[in-house]
Amino acid sequence: MLQAFDWHTIACVLIILAGAAVLLVSILKLKILYAATPFIPERNRRFILRALGAERFLMVFFFAGYLLVAAAFSLELAFLSKIFISLVFLFGAVFVWTGTALTARILADVQATLQGLLPICLSCKRVRMAGGDSADQQAWTPIESYISGRTTARFSHGLCPACLATARRRKEHPAAG
């Protein structure tokens, strides 16, 4: 026999089902993250794949939990709904922790990649010092000085075949440039 639901029960069930819908969309969107894993450095790929697997498991768990809690509310099974709500809160904390660990690892990879980039002038090949203003000429140093100041590398200069050919053409035909 169907029983009449009060507005409070209907509102709770609708809110829970809205949460389930958000989780379902999130589960479907997780494919995008999996598709990006080949671009993650090998040293972190296994960790990120495990974290994504844990996140997917928790999303499916939450989705099923939301549906069970909605059913428990609908059937007015207070005991079951309290147990499910408690589990949702417990695994919610694990879910947040997993997401935070995953985000931290991805951001560390991005930061390492960005720190590896060297701001270099396209024309003269001078390097901008860290924190230097790109409009300040004093912030730019020859690449040889930049590398010599940070490593034990020494430089000897020569010309590659293309530049040697250009230099010879300029010498033979100074007006042509």
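Letter by letter, the sequence shown follows residues 18 to 194 in my numbering.
For glycine and all other residues, C-beta sits at the position ideal for the given N, C-alpha and C.
In this text the structure is predicted, and so the values were computed from the model without any measurement.
Quiz prompt | Helix, strand or coil at THR158 [DSSP, three-state] | solution = strand
Quiz prompt | Contact under 7 angstroms by Cβ, PHE79 with LEU134 | solution = The beta carbons of PHE79 and LEU134 sit no closer together than 7 angstroms.
Quiz prompt | Nearest-angstrom Cα separation, counted from THR130 out to GLY149 | solution = 19 angstroms
Self-check item: Per-residue burial, THR115 [other beta carbons within 10 Å of its own, 16 or more giving buried]
Solution: buried
Exercise. Would you tell me roughly how many angstroms separate the C-alpha atoms of LEU19 and GLU59, rounded to the nearest one?
Key: Unreliable placement is indicated for LEU19, whose pLDDT of 48 sits below 50; no coordinate value is reported for it.
Exercise. Please determine, among ALA88, ILE44 and ARG62, the residue with the shortest C-alpha to C-alpha distance to ILE32.
Key: ALA88
Quiz item: Smallest Cα separation from ALA37: which of ARG67, TYR83, HIS174 and VAL127?
Solution: TYR83
Quiz prompt | Cα-Cα separation between LYS188 and ARG143, rounded to whole angstroms | solution = So the alpha carbons of these two residues sit roughly 26 angstroms apart.
Practice problem: Provide the residue(s) that pair with ARG185 in DSSP beta bridges, ordered along the chain. | Solution: None, per the DSSP bridge assignment.
Practice problem: Pull up the distance between the alpha-carbon of ALA192 and that of THR120, whole angstroms please. | Solution: 58 angstroms
Self-check item: ALA68, buried or exposed, once every other Cβ within 10 Å from all chains shown has been counted against 16
Solution: Counting the other CB atoms within 10 Å of its CB gives ALA68 a total of 16 or more, which places it among the buried residues.
Quiz item: Nearest-angstrom Cα distance between THR26 and LEU104?
Solution: 20 angstroms
Quiz item: With a Cβ-Cβ cutoff of 7 angstroms, do LEU47 and ARG63 count as a contact?
Solution: no
Quiz item: Residue range of the alpha helix (DSSP H) that ILE27 falls in?
Solution: It spans 24–53 - the alpha helix (DSSP H) in which ILE27 sits, taken as one unbroken run.
Quiz item: Quick one: what does DSSP say ILE137 is sitting in, helix, strand or coil?
Solution: ILE137 sits in a strand when the DSSP states are folded into three classes.
Practice problem: Counting only the same chain and skipping the five closest in sequence on each side, list residues whose C-beta sits under 8 angstroms from that of PHE108. | Solution: LEU75, PHE78, PHE79 and GLY82
Practice problem: Look at ALA152 and ARG145 and say whether their C-beta atoms are less than 7 angstroms apart. | Solution: no
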